[in-house]
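The structure appears below as structure tokens.
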Amino acid sequence: MPGHRKRVPKPYRQVHQLAFSPLLFQAAMAARRTGVLAAVHASRAEGVVPEEVAARAGVSRYAARVLLEGCLALELVALEGGRYRLTDAGQLWLFDPMVNVNASFVQDVCYAGASRLEDSLRTGRPAGLSVFGPWSTIYEGLTALPPGVQDSWFAFDHFYSDAAFPLVFPRVFEPRPRRLLDVGGNTGKWALYCLRRDPDVEVAVLDHPGQLDRLRHNAIAAGLEARLHTVPIDLLDHGRAFPGGFDVVWMSQLLDCFGEPDIARLLERGAAALAPGGRIHILEAFWDRQANEVGELILQGLSLYFSCMANGTSRMYHSQDFLDLIASAGLQLESDEPIGTNHTLLTCVTSGSP
């Protein structure tokens, strides 16, 4: 009979799990993608032996055992009487939409370059991005990323923005703006949302040419191209002014893609693009304003993506950082509103506005 196992302090197990976490993460992803965990789920409460998992998932007995034991270390499965069953955490890993979006983003977009994080922090450039291409930021090459990587990037981006649009639209459009400038509009989810819901508004979108090509294609397919204008631009070219005369300058999940000096310049350029009485609306997720510790963890982890893969200079910010930057850009904060459980809408006007 084996002797009684000595209990170790929880922090000791925690740091060893951390040491093996890259391998354990890959085991969890492989167990999901090969169908190993789905095979355990299919057994329900009675549990299943590795041989049955191997047969159901179409993998070798060796692969089934290695993946099941990796998932056991992560407590995604439990082992009782030689049979494996799915835990509550395993259910979430398999079926929770947010977990799936986050995990696929880390696996497909971040993982291959994550080992260059220290290089990124030492040099101020996204050293890990070289696994995909020679760009200085991920945004330049976004539409040239491998298809699976691109899909996971857009799925992640849209998951954390699209749900906020119905909540924020009435606030932005209450004064019936006629001209809206979408800075960094990507493939146009917000722009098309606005064009569909207000038949009089005109929207101009600034972004890299690749994203704008996709936006124009989407707008034509929706029959909305007549009121859409696109302006190819490198937003880091601060010598280039934005087009002017807009009632609204919209910046949604944009400014966190830049370092603080660039944010200040973008706010100044946005202010110069306003018509008299116009407003800048900033939609952001701040890590100090999340509804729970999971939201905070996700945003703090996302900062590491910005460091090693996106640009090497930005991060997910504390709300006070943005309030200070707004003031330094000579803008006045008109309102500060929670949007759903994750986002904040900051509305700014130029100094001296009524």
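Residue numbering for the sequence shown follows this note's numbering, starting at 2 and increasing by one per position.
A virtual CB, placed ideally from N, CA and C, is assigned to each residue, including glycine.
The model shown is predicted, which means the values in this text are computed figures rather than measured ones.
Helix, strand or coil for residue i per DSSP?
{"i": "H5", "result": "coil"}
{"i": "W191", "result": "helix"}
{"i": "D79", "result": "The sequence shown places Ala at residue 79, rather than the Asp named in the question. A79: strand per DSSP, three-state reduction."}
{"i": "M99", "result": "helix"}
{"i": "W136", "result": "coil"}
{"i": "E175", "result": "coil"}
{"i": "L334", "result": "strand"}
{"i": "S253", "result": "strand"}
{"i": "H344", "result": "strand"}
{"i": "A286", "result": "coil"}
{"i": "H319", "result": "coil"}
{"i": "G211", "result": "helix"}
{"i": "P10", "result": "coil"}
{"i": "Y63", "result": "helix"}
{"i": "D248", "result": "strand"}
{"i": "I281", "result": "strand"}
{"i": "V50", "result": "coil"}
{"i": "R86", "result": "strand"}
{"i": "V202", "result": "coil"}
{"i": "D109", "result": "helix"}
{"i": "D1", "result": "Residue 1 is absent from the model: the chain starts at 2 and stops at 355."}
{"i": "P262", "result": "helix"}
{"i": "A56", "result": "helix"}
{"i": "H239", "result": "coil"}
{"i": "A276", "result": "strand"}
{"i": "T144", "result": "helix"}
{"i": "L68", "result": "helix"}
{"i": "T231", "result": "strand"}
{"i": "T351", "result": "strand"}
Short check: CB of residue i to CB of residue j, under 7 Å?
{"i": "V54", "j": "A40", "result": "yes"}
{"i": "T35", "j": "A58", "result": "yes"}
{"i": "I340", "j": "L346", "result": "yes"}
{"i": "G258", "j": "G129", "result": "First, the residue type needs correcting, since residue 258 is Cys and not Gly in the sequence shown. In this structure, G129 does not lie closer than 7 Å to C258 by Cβ."}
{"i": "G114", "j": "T314", "result": "no"}
{"i": "W251", "j": "L181", "result": "yes"}
{"i": "T188", "j": "Q212", "result": "yes"}
{"i": "L38", "j": "G71", "result": "no"}
{"i": "D248", "j": "R172", "result": "no"}
{"i": "A205", "j": "H239", "result": "no"}
{"i": "L73", "j": "A29", "result": "no"}
{"i": "R62", "j": "E52", "result": "yes"}
{"i": "S105", "j": "S153", "result": "yes"}
{"i": "L207", "j": "V169", "result": "no"}
Identify, in the order they occur along the chain, each residue of the same chain with its Cβ nearer than 8 Å to the Cβ of residue i, setting aside the five sequence neighbours on each side.
{"i": "G134", "result": "G142, A145 and L146"}
{"i": "W191", "result": "S162, F166, D183, W251 and S253"}
{"i": "E226", "result": "R217 and A220"}
{"i": "P262", "result": "none"}
{"i": "D322", "result": "E261"}
{"i": "V100", "result": "L93 and W94"}
Among residues of its own chain, excluding the 5 on either side of residue i, which ones have a beta-carbon nearer than 6 Å to its beta-carbon?
{"i": "M2", "result": "Reliability fails at M2, whose pLDDT of 48 lies under 50, so the model's placement of it is uncertain and the value that follows must be treated cautiously. None."}
{"i": "F243", "result": "R270 and A274"}
{"i": "H344", "result": "A165, L284 and A286"}
{"i": "S336", "result": "T348"}
{"i": "L303", "result": "M317"}
{"i": "Y85", "result": "V41, G48, V49, L69 and V78"}
{"i": "S44", "result": "none"}
{"i": "R228", "result": "L196 and E203"}
{"i": "G246", "result": "A276"}
{"i": "L256", "result": "I264"}
{"i": "T342", "result": "A292"}
Please report the Cβ distance between residue i and residue j, rounded to the nearest whole angstrom; I am assuming they are in contact, meaning their Cβ atoms lie under 8 Å.
{"i": "L284", "j": "S329", "result": "Not quite, the Cβ-Cβ distance comes to about 20 Å (not below 8 Å), so this is no contact."}
{"i": "Y140", "j": "H209", "result": "6 Å"}
{"i": "I327", "j": "L268", "result": "7 Å"}
{"i": "V102", "j": "F160", "result": "5 Å"}
{"i": "L236", "j": "G185", "result": "6 Å"}
{"i": "A223", "j": "L193", "result": "6 Å"}
{"i": "R280", "j": "V350", "result": "6 Å"}
{"i": "A311", "j": "P148", "result": "At roughly 19 Å, the Cβ-Cβ gap does not stay under 8 Å, so A311 and P148 are not in contact."}
For chain B, check one thing: does any of its Cβ atoms lie closer than 7 Å to the Cβ of residue i?
{"i": "A223", "result": "Here chain B cannot be found, since the structure has a single protein chain."}
Only counting the same chain, and skipping five residues up and downstream in sequence, which positions put a Cβ closer than 7 Å to that of residue i?
{"i": "L122", "result": "S308"}
{"i": "H319", "result": "F287, W288 and D289"}
{"i": "F174", "result": "D199"}
{"i": "V132", "result": "A113 and G114"}
{"i": "G83", "result": "V50"}
Within the chosen definition, does the stretch 105 to 114 reach the stretch 278 to 296 through at least 3 CB pairs nearer than 8 Å? no
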